[in-house]
Amino acid sequence: MQQYADQLRADSKKIGFVPTMGYLHQGHLSLVDIAGENCDTVVLSIFVNPAQFGPNEDLDSYPRNEGKDIELAREKGVDVVFLPSADTIYPDGYQSYVELAHLPNHLCGLSRPVFFKGITTVVTQLFHIVKPHVAVFGEKDFQQLATIRRMVKDLKFDIEVMGGPIVREPDGLAMSSRNAYLKDHQRKAALSLSRSIQHARQMVADGTTDATSIIQQVTAILSEFAENTIDYVSICDTETMDPVSSIEDSALLAIAVNLNKIRLIDNTVLNRQG
4 MQQYADQLRA DSKKIGFVPT MGYLHQGHLS LVDIAGENCD TVVLSIFVNP AQFGPNEDLD
64 SYPRNEGKDI ELAREKGVDV VFLPSADTIY PDGYQSYVEL AHLPNHLCGL SRPVFFKGIT
124 TVVTQLFHIV KPHVAVFGEK DFQQLATIRR MVKDLKFDIE VMGGPIVREP DGLAMSSRNA
184 YLKDHQRKAA LSLSRSIQHA RQMVADGTTD ATSIIQQVTA ILSEFAENTI DYVSICDTET
244 MDPVSSIEDS ALLAIAVNLN KIRLIDNTVL NRQG
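Each residue of the sequence shown is one higher than the one before, counting from 4 in our numbering.
Here you go:
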């Protein structure tokens, strides 16, 4: 892959990169569209990264369908599907990790302490292997996107990081590979995330700027379903993830819920000006 990337660069081809863990859906494919619109060659990687899963998380059961993923990628016009093995990324004796000091200490990082170290480490490796000019990440994982942007800035990667908007299913549920875990009877509880987000946006449109008031109402909607165990509901700065007490201009509303053992996240940027 590195040699191919070197040849593309030698031929003045602009490389767009979409890193994924596979089990592709329309959210992933929308990122491919963004990469294709901005680059000559699109590389999509599929790697279920063991370093970002903690004990008792769903590494072994994470949904996988490599054959279908390759088919979807080809149909979408992806030029290269890169499928590194765990031994390639983390060979015997591997010792080097990349970790940010502040951004991971909020939201998902509080309940998943190894998650962002695993993310930044594998993305650093993938950047060195694929050598992209542009990398595209989904805004559904907003904290991850902010973390990658910070890492790229701090470590001076010559890469443009682009965000792709959340893609939702017809009923409003944010698309996620983990949606495959949901049973029919769990769907209504899962939809409480997008429903609470819509309520929060309406509150801001109606003039509410107090973060505590919005968080309380979002929490109340999520709590209507006994299956939902709330990990966090936070209103925070869109770059640092630091909590804010009021919405001065814009702020991120971020939600994480464990529905039985299924982890669901969703977010929206609340804009005071609509």
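Note that the Cβ used here is the ideal one computed from N, Cα and C, for glycine as well. All of these numbers come straight from a predicted model, not from anything done at the bench.
From the options, residue whose alpha carbon lies closest to that of residue i
i    : options                  : result
D245 : G112, K159 and L225      : G112
S15  : C42, M24 and A214        : C42
I238 : T23, A229, A138 and S253 : S253
E163 : G25, V137 and R266       : V137
H3   : E40, M4 and M178         : Given a span of 4 to 277 for the chain in the structure shown, any question on residue 3 remains unanswerable.
T23  : L256, Y7, T222 and L148  : L148
V51  : F85, S249 and L34        : F85
L103 : I92, T123 and D90        : T123
V139 : A13, Q128 and V21        : V21
V35  : G167, P173 and Q6        : G167
K134 : Q5, I169 and E69         : Q5
S248 : N270, E69, L158 and Q219 : Q219
G291 : L176, L194 and A38       : The chain is shown only over 4 to 277; residue 291 falls outside these bounds and no answer can be derived.
Q55  : I132, E172 and P107      : P107
T232 : Q146, P58 and A259       : A259
G82  : V101, N59 and S48        : The residue you asked about is not Gly; residue 82 is Asp in the sequence shown. The candidate whose alpha carbon is nearest that of D82 is S48.
Y7   : I132, T241 and F228      : I132
M165 : H28, Y26 and S33         : S33
I268 : T91, D234, Y100 and H105 : D234
T215 : E227, R275 and V236      : V236
Host alpha helix (DSSP H) of residue i (start-end)
i    : result
F145 : F145 to D157
F118 : F118 to V133
T215 : A214 to L225
C111 : C111 to S114
R77  : E69 to K79
T91  : A89 to I92
V35  : Q29 to N41
R12  : Q5 to A13
Run of the beta strand (DSSP E) containing residue i, from where it starts to where it stops
i    : result
M206 : No beta strand (DSSP E) holds M206; the alpha helix (DSSP H) holding it covers R190 to A208.
T232 : N231 to C239
A259 : S253 to L262
P107 : Careful: P107 lies outside any beta strand (DSSP E) and carries neither H nor E.
A54  : Looking at the DSSP string, A54 is not in any beta strand (DSSP E), and its letter there is neither H nor E.
F85  : V83 to F85
V45  : T44 to I49
G25  : No beta strand (DSSP E) contains G25, which DSSP labels as neither H nor E.
Contacting residues, own chain, Cβ-Cβ under 6 Å from residue i (five flanking each side not counted)
i    : result
L11  : I18 and T44
S199 : V221, I224 and L225
K143 : I169 and A177
R171 : A177
D213 : S249
H109 : M244
P87  : F50
T127 : V101
A13  : none
Same chain, Cβ closer than 8 Å to residue i, neighbours up to 5 away in sequence not counted
i    : result
Q189 : E230, L262, N263 and I265
L273 : A203, R204, V207, I217, I238, I250, S253, A254, L255 and L256
P53  : L62, A89, Y93 and G121
F160 : F130 and M154
L176 : N182, R190, A193, L194, L196 and S197
Y26  : Y65, P66, R67, N68, D72, S180 and A183
G57  : R115, P116, V117 and F118
H105 : T243
Residues near residue i in its chain [Cβ-Cβ closer than 7 Å; skip 5 each side]
i    : result
F145 : L255, A257 and N270
D174 : L194
Q29  : V170 and M178
| message | Would the stretch 61-78 count as touching the stretch 206-216 if we require 3 or more Cβ pairs under 8 Å? | response | Two segments are said to touch when three or more pairs of C-beta atoms, one from each, lie closer than 8 Å; by this definition the stretch 61-78 does not touch the stretch 206-216.
| task | Spell out a yes or no on whether the stretch 72-92 and the stretch 106-122 are touching, meaning 3 or more CB-CB pairs, one atom from each, closer than 8 Å. | result | no
| request: Determine, using beta-carbon pairs with one atom in the stretch 170-183 and one in the stretch 145-152, whether at least three such pairs fall under 8 Å. | output: no
| message | Please give me, in chain order, every unbroken run of the alpha helix (DSSP H) with length at least 4 that falls completely inside the stretch 158-182. | response | none
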